[in-house]
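Q: Please find one structure pasted underneath; my questions will follow.
Protein chains: 2
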Amino acid sequence: MKIVIDAMGGDLAPLEPLRGAAEAAAELGVGMIVTGDEAQLRACAQEHGISLDGITLVDAPKVIPIEAEPTSLLKQYADCSMAVGMDLVARGEADAIVSAGSTGALLVGATFLVKRIKGVKRPAIGTMIPAQGGRFYLLCDAGANHDCRPEMLTQFAVMGSAYYEKIIGVEQPRVGLINIGTEDTKGTELQVAALPLLRAMPGIHFVGNVEARELPLGGCDVAVCDGFTGNVVLKLTEGMGKFLGGAVRDVLFSNLRTKLGALLIAKEFSSFRKTLDYKETGGAPILGVARPVIKAHGSSDARAFKNAIRQAKSCVERDICGAIAEGVARQKAAAQENA
Amino acid sequence: MKIVIDAMGGDLAPLEPLRGAAEAAAELGVGMIVTGDEAQLRACAQEHGISLDGITLVDAPKVIPIEAEPTSLLKQYADCSMAVGMDLVARGEADAIVSAGSTGALLVGATFLVKRIKGVKRPAIGTMIPAQGGRFYLLCDAGANHDCRPEMLTQFAVMGSAYYEKIIGVEQPRVGLINIGTEDTKGTELQVAALPLLRAMPGIHFVGNVEARELPLGGCDVAVCDGFTGNVVLKLTEGMGKFLGGAVRDVLFSNLRTKLGALLIAKEFSSFRKTLDYKETGGAPILGVARPVIKAHGSSDARAFKNAIRQAKSCVERDICGAIAEGVARQKAAAQENA
Numbered sequence: 100m101k102i103v104i105d106a107m108g109g110d111l112a113p114l115e116p117l118r119g120a121a122e123a124a125a126e127l128g129v130g131m132i133v134t135g136d137e138a139q140l141r142a143c144a145q146e147h148g149i150s151l152d153g154i155t156l157v158d159a160p161k162v163i164p165i166e167a168e169p170t171s172l173l174k175q176y177a178d179c180s181m182a183v184g185m186d187l188v189a190r191g192e193a194d195a196i197v198s199a200g201s202t203g204a205l206l207v208g209a210t211f212l213v214k215r216i217k218g219v220k221r222p223a224i225g226t227m228i229p230a231q232g233g234r235f236y237l238l239c240d241a242g243a244n245h246d247c248r249p250e251m252l253t254q255f256a257v258m259g260s261a262y263y264e265k266i267i268g269v270e271q272p273r274v275g276l277i278n279i280g281t282e283d284t285k286g287t288e289l290q291v292a293a294l295p296l297l298r299a300m301p302g303i304h305f306v307g308n309v310e311a312r313e314l315p316l317g318g319c320d321v322a323v324c325d326g327f328t329g330n331v332v333l334k335l336t337e338g339m340g341k342f343l344g345g346a347v348r349d350v351l352f353s354n355l356r357t358k359l360g361a362l363l364i365a366k367e368f369s370s371f372r373k374t375l376d377y378k379e380t381g382g383a384p385i386l387g388v389a390r391p392v393i394k395a396h397g398s399s400d401a402r403a404f405k406n407a408i409r410q411a412k413s414c415v416e417r418d419i420c421g422a423i424a425e426g427v428a429r430q431k432a433a434a435q436e437n438a
Numbered sequence: 100m101k102i103v104i105d106a107m108g109g110d111l112a113p114l115e116p117l118r119g120a121a122e123a124a125a126e127l128g129v130g131m132i133v134t135g136d137e138a139q140l141r142a143c144a145q146e147h148g149i150s151l152d153g154i155t156l157v158d159a160p161k162v163i164p165i166e167a168e169p170t171s172l173l174k175q176y177a178d179c180s181m182a183v184g185m186d187l188v189a190r191g192e193a194d195a196i197v198s199a200g201s202t203g204a205l206l207v208g209a210t211f212l213v214k215r216i217k218g219v220k221r222p223a224i225g226t227m228i229p230a231q232g233g234r235f236y237l238l239c240d241a242g243a244n245h246d247c248r249p250e251m252l253t254q255f256a257v258m259g260s261a262y263y264e265k266i267i268g269v270e271q272p273r274v275g276l277i278n279i280g281t282e283d284t285k286g287t288e289l290q291v292a293a294l295p296l297l298r299a300m301p302g303i304h305f306v307g308n309v310e311a312r313e314l315p316l317g318g319c320d321v322a323v324c325d326g327f328t329g330n331v332v333l334k335l336t337e338g339m340g341k342f343l344g345g346a347v348r349d350v351l352f353s354n355l356r357t358k359l360g361a362l363l364i365a366k367e368f369s370s371f372r373k374t375l376d377y378k379e380t381g382g383a384p385i386l387g388v389a390r391p392v393i394k395a396h397g398s399s400d401a402r403a404f405k406n407a408i409r410q411a412k413s414c415v416e417r418d419i420c421g422a423i424a425e426g427v428a429r430q431k432a433a434a435q436e437n438a
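Chains X and H supply the protein sequences, listed in that same order.
Basically my numbering = 1-based index in the first sequence + 99.
Basically my numbering = 1-based index in the second sequence + 99.
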């Protein structure tokens, strides 16, 4: 198996992606292809004593800036490290790609270079978010498609369900529609129209409307929504974690007595914090494209990149793309039957 | 000043609303009018030794169920405790009303009985949400209007800004538009269209798009959005608080050592928890109607009701409705000038 990593993407490029690739090559038994400025990568490896065993460097010195118009990936930046990596995947020279570069550009590359699975209307971003009891829920769409039609939400449900089942190993995960109440009449036109479509969808275990309050409390395994709502949920979750985490830290550092208390709970507290750490959980898959494309967090370090590569490997091994293709085909057949 | 409390609304009716009214009458120097089943209220007062000094009971034994169609408040339930209370306010026999009953019904009553301020398109729900550093931000709309036009968002900004300025005492509070990025092109059609309107609005201090991540971190004082997004933000904030609060509790009760640690931080931890407690912050004002209408949390106890009454009193004293009327008139004048 060969996995591409875009070494020029992310805040800590190229050192941390390269380091992550080297660790993955050594520990995970995958062949790594690293795209980026080859001279810079070789110098960086030498300076930091990073072994290039098991790593193929592909020279692509150009970088697509985070603020560039995403579609510029196809023309002006067609030779950048991200686009070159995408091409390798599209041509079958690699099985999957990980990048911490611009989400918009990655979506464009996934859609137009790696290409959509047959029948998929719009690829979506899936993101695993920690919830009560050490569980996770998959938020889908976490920000790719702001304006959605009801049929797009049913497809997010099918794709998210396939991903959750294959990667987390839960059969028939509980799919919920993020809404502002549990009754059938709740929500905007989008949710009201999507609800019966989701109920009628074969092959998924749909549990109905789920209020945002229930998401961190384990109300569903796959939370379906438009990309605007999903991005609000994702970002607010991050912000609340930062706010409450900071407040607890302030409590612990209030005075000598609380600092002593902090010492006594340090071990358990740090193991809880670890369950919230995105660096442990890998990246966000772009669902609905022909091969696994993983968006790593912009501030990923080597460990986060290695975990994203591990996740890409699982996606290839468990044939996520095949499972999504099956689900989408089943959805289409059901729709034709009902038509 | 006379404030109505709907004694039949909320999970703990009628005991806790009655108790809250009695405490408010004794401590806040306001005349309380309590609507509800008079016989039941008198029996309840006697049983629990609650003084009815300073309280006028108005007999309205019927209750509008939480699941009833909101507009049924105007016909089928026109004689229920909530509607009777609204009528008292509409007729000028009371200055404000507090109810923990159905939000939908309260909105209908506020709009059609108490009536909108001239020029207000749609009343909105404002909710104060705790943020970093002991601050609060006002979320508006927190759930009244799911499908919004851009002009509605500008009005929410004007109303929310007036409320924040008067109640929190911050001049020119920072108004932000909840969005999925800070650039002008971000968001759905609604946000893209609302952004220039908000920028052009006189009399408010608009700071631009604000990502959901920044809300709990103090990114703005007044966070403007459609009611669907607002309700997701409100509910997810509650859920995250419950999830992380529970997780911290689990850490503290892990074993004997952590329990000792918990003892050492108990005082500071409980004072932080208090800042997150909705019972301290009162209820959610319905903004844009002719007199203050406060929605108390469904599970409010006497203390929460008393705080909601205190808030209603502040709204009357500081003439929130007048300030909103002024802001809306200024907005209209500016729109006509630009037309």
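Each residue gets a CB set at the ideal place from its N, CA and C atoms; glycine is no exception.
Taking Cβ-Cβ distances shorter than 8 angstroms, what residues in chain H pair up with histidine 245 (chain X)?
A: Residues of chain H passing the Cβ test: Ile279, Gly286 and Thr287.
Q: Closest to glycine 307 (chain X) by CA distance: which of X:Asp283, X:Leu316 and X:Thr287 is it?
A: Residue X:Asp283 is the option with its Cα nearest to glycine 307 (chain X).
Q: Taking any Cβ of chain H, which residues in the region 350-377 of chain X have a Cβ under 9 angstroms from it, in chain order?
A: Those residues of the region 350-377 of chain X that come within reach of chain H (Cβ to Cβ, closer than 9 angstroms) are Val350, Leu351, Ser353, Asn354, Arg356, Thr357, Lys358, Leu359, Gly360, Ala361, Leu362, Leu363, Ile364, Ala365, Lys366, Glu367, Phe368, Ser370, Phe371, Thr374 and Leu375.
Q: Distance check for aspartate 194 (chain H) and arginine 390 (chain H), CA to CA, integer angstroms please.
A: C-alpha separation (whole angstroms): 7 angstroms.
Q: Is it buried or exposed, glutamate 166 (chain H), if we count other Cβ atoms within 10 angstroms and call 16 or more buried?
A: Glutamate 166 (chain H) should be labelled exposed.
Q: So aspartate 197 (chain X) and alanine 411 (chain X) are in contact, right, with Cβ under 8 angstroms, and what is the actual spacing, rounded?
A: Aspartate is not the amino acid found at residue 197 (chain X); the sequence shown has valine there. Correct: roughly 5 angstroms between the Cβ atoms.
Q: Under 8 angstroms between beta-carbons, which chain X residues line up against glycine 109 (chain H)? List them in chain order, please.
A: In chain order: nothing, as chain X lies at least about 18 angstroms away.
Q: Report yes if the C-beta distance between alanine 189 (chain H) and valine 219 (chain H) is below 8 angstroms; otherwise report no.
A: No. Outside cutoff.
Q: Quick one: which chain X residues come within Cβ less than 8 angstroms of threonine 336 (chain H)?
A: Those are Leu335 and Met339, listed as they occur along chain X.
Q: Helix, strand or coil: which one does DSSP assign to phenylalanine 352 (chain X)?
A: Looking at phenylalanine 352 (chain X) - three-state DSSP - the assignment turns out to be coil, as it is neither helix nor strand.
Q: Would you list, in sequence order, the uninterrupted alpha helix (DSSP H) runs of no fewer than 4 residues that lie entirely inside the region 280-334 of chain H?
A: Listed in chain order, they are 288-298.
Q: Using C-beta distances below 8 angstroms, list every residue in its chain close to glutamate 436 (chain H), excluding the 5 sequence neighbours before and after it, in chain order.
A: Cβ within range, chain order: n/a, list empty.
Q: Using the beta-carbon of each residue, which ones in chain X are nearer than 8 angstroms to asparagine 330 (chain H)?
A: Here the neighbours are Ile279 and Ala311.
Q: Which partner residues of methionine 339 (chain H) appear in the DSSP bridge assignment?
A: For methionine 339 (chain H), which the question treats as bridged, DSSP gives no partner whatsoever.
Q: When you compare the CB of glycine 259 (chain X) with every CB in chain H, is at least one pair closer than 8 angstroms?
A: Answer no: the Cβ-Cβ gap between glycine 259 (chain X) and chain H never drops below 8 angstroms.
Q: Under 8 angstroms Cβ-Cβ, which residues of chain H neighbour leucine 206 (chain X)?
A: Per Cβ cutoff of 8 angstroms: no residues; leucine 206 (chain X) is ~14 angstroms from chain H at best.
Q: With 8 angstroms as the threshold, decide whether the Cβ of leucine 172 (chain X) is near any Cβ in chain H.
A: No - not a single Cβ of chain H is within 8 angstroms of the one on leucine 172 (chain X).
Q: Can you pull the DSSP bridge partners for isoleucine 393 (chain H)?
A: DSSP, once it has assigned bridges, lists H:Val197 and H:Pro384 as partnering isoleucine 393 (chain H).
Q: Applying a beta-carbon distance threshold of less than 9 angstroms, which residues of chain X neighbour valine 323 (chain H)?
A: None at all; the shortest Cβ gap to chain X is about 13 angstroms.
Q: Quick test of your reading: valine 332 (chain H) and leucine 238 (chain H), contact by CB under 8 angstroms. State the CB separation rounded to the nearest angstrom.
A: At roughly 6 angstroms, the Cβ-Cβ gap stays under 8 angstroms, so valine 332 (chain H) and leucine 238 (chain H) are in contact.
Q: Check whether chain X comes within 8 angstroms of valine 388 (chain H), counting only Cβ atoms and requiring the distance to be less than that.
A: False, the Cβ-Cβ gap to chain X never drops below 8 angstroms.
Q: At 7 angstroms on the CB atoms, spell out the chain X contacts of glycine 345 (chain H), in chain order.
A: Residues of chain X passing the Cβ test: Gln231.
Q: Would you say leucine 316 (chain X) reaches chain H, if we count a Cβ-Cβ gap shorter than 8 angstroms as a contact?
A: Leucine 316 (chain X) counts as touching chain H.
Q: Per the contact definition of three or more C-beta pairs closer than 8 angstroms, is the region 132-151 of chain X in contact with the region 405-421 of chain X?
A: No: the two stretches stay apart, fewer than three of their Cβ pairs being nearer than 8 angstroms.
Q: Using alpha carbons as the reference points, say which of X:Ser201, X:His147 and X:Gly130 lies closest to glycine 153 (chain X).
A: Of the candidates X:Ser201, X:His147 and X:Gly130, the one whose C-alpha sits nearest the C-alpha of glycine 153 (chain X) is X:Gly130.
Q: Quick check on DSSP: helix, strand or coil for tyrosine 236 (chain H)?
A: Residue state, collapsed to three classes: strand.
Q: In angstroms, rounded to a whole number, what distance separates the CA positions of serine 370 (chain X) and leucine 362 (chain H)?
A: Answer to the nearest angstrom: the Cα atoms are 20 angstroms apart.
Q: Would you kindly work out how many angstroms separate the C-alpha atoms of lysine 431 (chain H) and valine 323 (chain H), rounded to a whole number?
A: Going from the Cα of lysine 431 (chain H) to the Cα of valine 323 (chain H) covers about 19 angstroms.
Q: Count Cβ pairs between the region 302-318 of chain X and the region 283-294 of chain H that sit closer than 8 angstroms; are there 3 or more?
A: Not touching, per the Cβ criterion.
Q: What does phenylalanine 342 (chain H) reach in chain X if we use C-beta pairs closer than 8 angstroms?
A: Per Cβ cutoff of 8 angstroms: Ala230, Gln231, Pro315 and Leu316.
Q: In terms of residue numbering, what span does the alpha helix (DSSP H) encompassing lysine 174 (chain X) cover?
A: Careful: lysine 174 (chain X) lies outside any alpha helix (DSSP H) and carries neither H nor E.
Q: Please go through the same chain and pick out, in chain order, the residues whose beta-carbon is closer than 6 angstroms to the beta-carbon of proline 160 (chain H), but skip the five residues on each side of it.
A: Contacts found: Asp136.
Q: List, in order along the chain, the chain X residues whose C-beta lies closer than 7 angstroms to that of glycine 242 (chain H)?
A: Ordered by position in chain X, the residues that pass the 7 angstroms Cβ test against glycine 242 (chain H) are Ile279.
Q: Quick one: give me the first and last residue of the beta strand (DSSP E) that lysine 412 (chain X) is part of.
A: Here lysine 412 (chain X) belongs to no beta strand (DSSP E); instead the alpha helix (DSSP H) covers 401-416.
Q: Hey, is the region 296-305 of chain H in contact with the region 243-263 of chain H, meaning 3+ C-beta pairs nearer than 8 angstroms?
A: Yes: the two stretches touch, three or more of their Cβ pairs being nearer than 8 angstroms.
Q: Would the region 398-408 of chain X count as touching the region 100-120 of chain X if we require 3 or more Cβ pairs under 8 angstroms?
A: The region 398-408 of chain X vs the region 100-120 of chain X: in contact.
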